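For reference, the structure discussed in these notes is given below.
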Amino acid sequence: MISNSRVAHHPHSHSRCIDAALRQAKQICKLKKLRLTSTRELVLKIIWQGHRPLGAYQIQDILAAINRKSIAPPTVYRAINFLLLHGLIHKVPSLNAFIGCPFPNSVHSNIFLICQDCGNTAEISDNSLNKILRSVCDRAQFRLKTQNIELSGTCPSCSKSTNFPD
Ligand SMILES: [Zn+2]
Ligand SMILES: [Zn+2]
Ligand SMILES: [Zn+2]
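Sequence positions in the sequence shown follow this note's numbering and run 564 to 729.
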């Protein structure tokens with residue numbers, strides 16, 4: 564199992580997450596001979612500003628604020644699509660929002676653990692669960708293309724901060 568829940572759902576120094584994400588993105592682009600243009604890199608950084616998924620409009624607004632001028636939506640969408648295509652970010656369908664992938668170097672099927680209180684979303688990939696899902700699809704003669712599993716709940720930080728009355 565690979566997971567970033569220990570980081571995403573706990574207080575931590577987030578600059579390390581951003582550094583790691585940018586380092587991995589640069590590695591992947593170099594390896595695949597892709598161009599990480601300044602807009603693509605900036606959009607990736609914006610998405611990695613936290614562990615809360617961001618919608619395209621939010622990304623566009625932040626980008627416009629940084630560049631001090633409005634950005635054409637196609638520019639933002641092209642950058643988002645590039646990052647999606649190469650596994651550097653994922654879409655969280657129920658939120659129609661994007662989140663940075665903490666392990667873009669590995670082939671994985673994701674499960675998102677979404678905190679309903681703070682919005683922080685962790686990503687997990689678990690082979691035993693993937694195996695079960697594959698066998699379910701096999702039995703239904705269903706050809707699985709994309710797997711999007713989202714679980715909603717309360718993260719450890721938010722559970723801790725809730726004061727239960729005596
Ligand atoms: Zn972080
Ligand atoms: Zn991922
Ligand atoms: Zn939370």
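Cβ atoms here follow ideal geometry from the backbone N, Cα and C, with glycine treated the same way.
Fair warning: this is a prediction, and the values are worked out from it, not measured in the lab.
Where the beta strand (DSSP E) containing residue i begins and where it ends
i: Thr-684; result: 684-688
i: Ala-660; result: 660-663
Helix, strand or coil at residue i according to DSSP, with G and I counted as helix
i: Phe-645; result: helix
i: Cys-721; result: helix
i: Lys-654; result: strand
i: Ala-635; result: coil
i: Cys-678; result: strand
i: Leu-714; result: strand
Residue range of the unbroken alpha helix (DSSP H) whose run includes residue i
i: Leu-617; result: Counting along the chain, Leu-617 falls outside any alpha helix (DSSP H), and DSSP gives it neither H nor E.
i: Cys-592; result: 577-594
i: Val-670; result: Unbroken run through Val-670: none, as it is neither H nor E.
i: Ala-537; result: Nothing in the structure corresponds to residue 537, since the chain is present only between 564 and 729.
i: Thr-602; result: 601-610
i: Arg-569; result: 568-571
Contact belief for residue i with residue j at Cβ below 8 Å, rounded distance in angstroms
i: Ile-591; j: Asn-668; result: 7 Å
i: Val-655; j: Val-606; result: Rounded, the Cβ-Cβ distance is 16 Å, inconsistent with contact.
i: Ile-634; j: Gln-621; result: Contact doesn't hold; Cβ gap of about 13 Å is too wide.
i: Ser-539; j: His-572; result: Outside the shown range of the chain, which is 564 to 729, sits residue 539, and nothing can be said about it.
i: Val-688; j: Ser-672; result: At residue 688 the sequence reads Ser, which differs from the Val that was named. At roughly 6 Å, the Cβ-Cβ gap stays under 8 Å, so Ser-688 and Ser-672 are in contact.
i: Leu-646; j: Arg-603; result: 7 Å
* Asked: Does the segment 657-665 come close enough to the segment 614-623 to have 3 or more Cβ pairs within less than 8 Å?
  -> yes
* Would you say the segment 670-678 touches the segment 697-716, given that touching needs at least three Cβ pairs under 8 Å? -> These segments touch.
* Is the segment 628-640 touching the segment 683-693, taking contact as three or more C-beta pairs under 8 Å? -> no
* Just the residues with CB closer than 6 Å to a heavy atom of ligand 2, in chain order, which are they? -> His-653, Cys-664, Phe-666, His-671, Asn-673, Glu-686
* Asked: Are three or more beta carbon pairs between the segment 586-600 and the segment 641-658 nearer than 8 Å?
  -> Touching, yes.
* What residues does ligand 1 have around it, judged by CB closer than 6 Å to any heavy atom, in chain order? -> Val-570, His-575, His-577, Cys-580, His-614
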